[in-house]
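Remarks on the structure that follows.
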Amino acid sequence: MADTVAGSAKLLVVGPFGVGKTTLIGSVSEIRPLRTEEEMTDASVGVDSLDGIEGKTTTTVALDFGRVTLDDTVLYLFGTPGQQRFWSLWDGLAEGAIGALVLIDLRRLHDSFAVLDQLVTTRLPYVVAINVFPDTQLYADDEVRQALALPEAVVLHCDARDRRSSVAALITLVGHALTCLDATEART
Ligand SMILES: Nc1nc2c(ncn2[C@@H]2O[C@H](COP(=O)(O)OP(=O)(O)OP(=O)(O)O)[C@@H](O)[C@H]2O)c(=O)[nH]1
Ligand SMILES: [Mg+2]
Numbered sequence: 004m005a006d007t008v009a010g011s012a013k014l015l016v017v018g019p020f021g022v023g024k025t026t027l028i029g030s031v032s033e034i035r036p037l038r039t040e041e042e043m044t045d046a047s048v049g050v051d052s053l054d055g056i057e058g059k060t061t062t063t064v065a066l067d068f069g070r071v072t073l074d075d076t077v078l079y080l081f082g083t084p085g086q087q088r089f090w091s092l093w094d095g096l097a098e099g100a101i102g103a104l105v106l107i108d109l110r111r112l113h114d115s116f117a118v119l120d121q122l123v124t125t126r127l128p129y130v131v132a133i134n135v136f137p138d139t140q141l142y143a144d145d146e147v148r149q150a151l152a153l154p155e156a157v158v159l160h161c162d163a164r165d166r167r168s169s170v171a172a173l174i175t176l177v178g179h180a181l182t183c184l185d186a187t188e189a190r191t
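Letter 97 of the sequence shown, counting from 1, is numbered 100 in this note's numbering, and no numbers are missing.
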């Protein structure tokens, strides 16, 4: 790690099945990301929809882990599995995190609701990052907030395959998490 590093923070990357969590951590990580990918089998047919992500052959079964240094701060990124049968891992993964990046796919918006419900249990500040696929129909941020029933949410667009775009999403998340932290401290 660089000598100039002054601090570190842990961030969670969450989202429904196949939204691009592993892709995003892989595109920003400066170390070879830790992945726990397993081949998807026929057991997932009818359970996990591959609509819009037909090229996907593996799924995360435990976590993704990566690291990225921004100026003097190291961010440790922990990705959750998308498949609900592995969600018991969320508690451990969320411990000590300062915020969560919630990746969503507007083509399959409905899949996001269970993730948002699960996220509430962590009480983490979060921002909503729309991972834009080539056939994603775009909506105004307010329409997305309304559809998700999150009137106050910070919403942004990203391309999980693109480092610059994904880093920008993480910077927005850190800024938002720090603002929330300041507000909490001011109240206590
Ligand atoms: N076109 C496009 N494809 C993407 C993008 N992000 C991910 N993909 C593709 O979409 C698929 C899903 O990506 P993953 O990164 O495995 O998704 P995940 O959220 O980690 O999936 P699980 O861990 O199984 O929940 C892969 O085939 C990626 O190559 C994107 O921004 N644009
Ligand atoms: Mg994954």
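We treat Cβ as the ideally placed atom computed from N, Cα and C, and that holds for glycine.
None of these values were measured; they are calculated from a predicted model.
- Membership of Arg126 in any alpha helix (DSSP H) is not indicated, and neither H nor E is assigned to it by DSSP.
- Bounds of the beta strand (DSSP E) holding Leu106 are Gly102 to Ile107.
- If you check the CB distance, Arg164 and Ser32 do not come in under 9 angstroms.
- The beta carbon of Pro154 sits no closer than 8 angstroms to any heavy atom of ligand 2.
- In the DSSP assignment, Lys24 falls within the alpha helix (DSSP H) that extends over Lys24 to Val31.
- Going by DSSP, Asp94 is part of the alpha helix (DSSP H) stretching over Trp93 to Ala97.
- Judged by DSSP secondary structure, Ser169 falls within the alpha helix (DSSP H) whose first and last residues are Arg166 to Arg190.
- Phe81 is bridged by DSSP to Leu15 and Phe68.
- Ranked by Cα distance from Ala12, the options Gly99, Arg166, Thr83 and Val50 are led by Gly99.
- Following the DSSP letters along the chain, one finds Val157 in no beta strand (DSSP E), marked with neither H nor E.
- Arg111 places its beta carbon 9 angstroms or farther from that of Asp162.
- For Arg164, the shortest separation between its Cβ and any heavy atom of ligand 1 lies below 8 angstroms.
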